[in-house]
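To start, the structure under review is shown below, and the notes come after it.
Residue numbers (the numbering used here): 68 to 627.
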């Protein structure tokens, strides 16, 4: 497929599997393997997995597009009940391939890296946790439904949580305070339910880990993330580097902001406003930003431009915020056709630009590696995938004038770098929190809030909640969907940021070389583990002593 192929999202369909169809498919696969047809068995196994993944992603996307749609909810519930059965079949067949006596033929059929991934995969599932996985999916969906249901009155309007973003960044301090206070009250009103959901998730995940023979969910969580070449000790050292190299810089930047604005004290509702003139915003609304994105990609690279045009024309962009829509932004894919899909919530802030470029980085990588053999190679691990997205954000800097106007372009670039630094200590705090939580699954909700407060003092020492009761009592983490839906995902952003900043430094010396190196990395997809992909792109591993310090120093020079 090329970008000229007229593929439309509306035409994508995948058969809904059931237990009988799964049994038939895997009976046929096992028969092929029994007959010695190793290459054909591997190829058909890949076909089955692509079909299930396309169906799974379509169901998940439609639910996120309207969490209140009864048909979408029923389809999601059916999927959540069936996926453990599909996982059981898939795990069993992977075990057969991994244990096959003709190791050479298996290697030739699927590749060494896929086998390494499968070795991890088969250690994360046994039939006795099937019901637990279904329960986990239902609890995660409950968090999505609850947070998507927010209806907050402000400025004579009723908006959801995503719709509060413009008010959180208003120059008027009273408006920002009002916005944060109303968000805080939503979480106060729903805090007990959010605690129950998370408590159930923690205990459920710990129980699954114990059933699989792990000490706790930390070990299982790393394996579910398919982390092959680093572990919790490496991540802990990286968090220490963030606390040492980034937290002081952010503290200085926020203190300067306090002085620039003339505040006696910086409060939580002041953290989102970066620019004394007001945070730069996109030129126009949804349609204008989508068009500006096309102009930017036309300027950057013809391949990127052609891909974005195909996405837009094919209906693979859902960027407007609306009631009932899930929060956040993400990129998903449909591996039977090789086209990704970008989901976002545009609300008229600079965050619209960030999500458009961030998710476009994911999408372009997925499209660039669509022809790699095997579904396991289409996407890398999350820490590698975030290199593509975060690097792409930074590689669009020279073209910011098309998005915010020539007069605001430099202000946008500066704001984006500041926000990049600002996010790193938050990510470290979220990750450290998860390690503490899953190491102590017996902790009460109140004890978890206390853990969060302790960690905030280390990573975010500037934080003052004022009269935001929920935040002041250690509940700010409940705003972060990753902690509920995607355990241990957060640090991936911080690891990738160290690498993305290196691409940014390279681009300032020779933009075309940096862009070509970036595209080359995208084309490698998930064909290797994290550290291999990093070194292959000529980047320094974030686990190397001083790697983060060097990247941050380059940013500090610009911001000085």
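Ideal placement from N, C-alpha and C gives every residue a C-beta, glycine not left out. Values in this document were obtained by computation on a predicted structure and should not be read as measured data.
Buried versus exposed call for residue i [16 or more other C-beta atoms within 10 Å across all chains shown]
i           : result
residue 291 : buried
residue 426 : buried
residue 602 : exposed
residue 328 : exposed
residue 69  : The predicted position of residue 69 is uncertain, since its pLDDT is 45 and thus under 50; a value taken from the coordinates is nonetheless stated next. Its Cβ having fewer than 16 others within 10 Å, residue 69 is exposed.
residue 577 : exposed
residue 624 : exposed
residue 80  : exposed
residue 315 : exposed
residue 168 : exposed
residue 151 : buried
residue 584 : buried
residue 311 : exposed
residue 264 : buried
residue 420 : buried
residue 605 : exposed
residue 87  : exposed
residue 392 : buried
residue 471 : buried
residue 227 : buried
residue 131 : buried
Backbone secondary structure at residue i - three-state DSSP
i           : result
residue 636 : Outside the displayed span of the chain (68 to 627) sits residue 636, for which this structure offers no information.
residue 443 : helix
residue 179 : helix
residue 106 : helix
residue 385 : strand
residue 528 : coil
residue 408 : strand
residue 70  : Caution applies to residue 70, whose pLDDT of 45 falls short of 50 and renders its modelled position unreliable; the value that the coordinates give is listed next. Residue 70 falls in the coil class under three-state DSSP.
residue 160 : helix
residue 192 : coil
residue 413 : strand
residue 373 : helix
residue 438 : coil
residue 153 : helix
residue 78  : helix
residue 341 : coil
residue 326 : helix
Of the listed residues the options, nearest to residue i (C-alpha basis)
i           : options            : result
residue 209 : 278, 487, 567, 394 : 394
residue 360 : 463, 247, 558, 220 : 463
residue 349 : 525, 332, 413      : 413
residue 113 : 506, 443, 217, 587 : 443
residue 318 : 207, 93, 524       : 524
residue 236 : 111, 546, 338, 409 : 338
residue 270 : 548, 501, 610, 606 : 501
residue 241 : 261, 307, 330      : 330
residue 546 : 261, 514, 485      : 261
residue 507 : 332, 266, 343      : 266
residue 494 : 203, 473, 527, 470 : 527
residue 468 : 449, 367, 457      : 367
residue 206 : 620, 272, 447      : 272
residue 164 : 509, 118, 375, 181 : 181
residue 707 : 406, 387, 417      : For the chain, the structure presents residues 68 to 627; residue 707 sits outside this window and is missing.
residue 600 : 447, 477, 101      : 447
residue 620 : 569, 345, 611      : 569
The alpha helix (DSSP H) enclosing residue i, as first and last residue numbers
i           : result
residue 310 : 299-312
residue 269 : 240-278
residue 282 : Segment: none, residue 282 is in no alpha helix (DSSP H) and carries neither H nor E.
residue 97  : 86-101
residue 624 : 614-626
residue 507 : Run containing residue 507: none; DSSP gives neither H nor E here.
residue 166 : Counting along the chain, residue 166 falls outside any alpha helix (DSSP H), and DSSP gives it neither H nor E.
residue 558 : 558-576
Limits of the unbroken beta strand (DSSP E) element including residue i
i           : result
residue 225 : 224-226
residue 221 : 219-221
The ligand HEM heavy atom lying under 7 Å from the CB of residue i
i           : result
residue 433 : The ligand HEM is not among the ligands present in this structure, which contains no ligands whatsoever.
Residue-chain proximity (residue i, chain C), Cβ-Cβ < 8 Å
i           : result
residue 398 : The structure shown contains no chain C; it is built from a single protein chain.
TODO: Give a yes or no on contact between the region 559-574 and the region 609-624, applying the rule of three or more CB pairs nearer than 8 Å.
DONE: Short answer: they touch.
- [ ] Report yes or no: do the region 371-383 and the region 74-87 share at least 3 C-beta pairs separated by less than 8 Å?
- [x] yes
Task: Cβ contact check for the region 395-412 and the region 348-359: 3 or more pairs under 8 Å - done: no
Open item on the list: If contact is defined by three or more beta carbon pairs under 8 Å, each pair taking one atom from either stretch, is the region 245-257 in contact with the region 534-544?
Closed with: yes
Task: Cβ pair count under 8 Å reaching 3, the region 282-298 against the region 190-202 - done: They touch, by the three-pair rule.
Open item on the list: Contact between the region 437-446 and the region 586-596 is defined here as three or more beta-carbon pairs at a separation below 8 Å; is this criterion met?
Closed with: yes
Open item on the list: Taking 8 Å as the cut-off, does the region 99-109 touch the region 163-178 (at least 3 CB pairs, one atom from each stretch)?
Closed with: yes
TODO: Could you tell me whether the region 239-247 touches the region 295-311, using the rule of 3 or more Cβ pairs below 8 Å?
DONE: no
Open item on the list: If contact is defined by three or more beta carbon pairs under 8 Å, each pair taking one atom from either stretch, is the region 215-226 in contact with the region 540-553?
Closed with: no
Open item on the list: Quick check: the region 506-516 against the region 472-489, are at least 3 beta-carbon pairs closer than 8 Å?
Closed with: no
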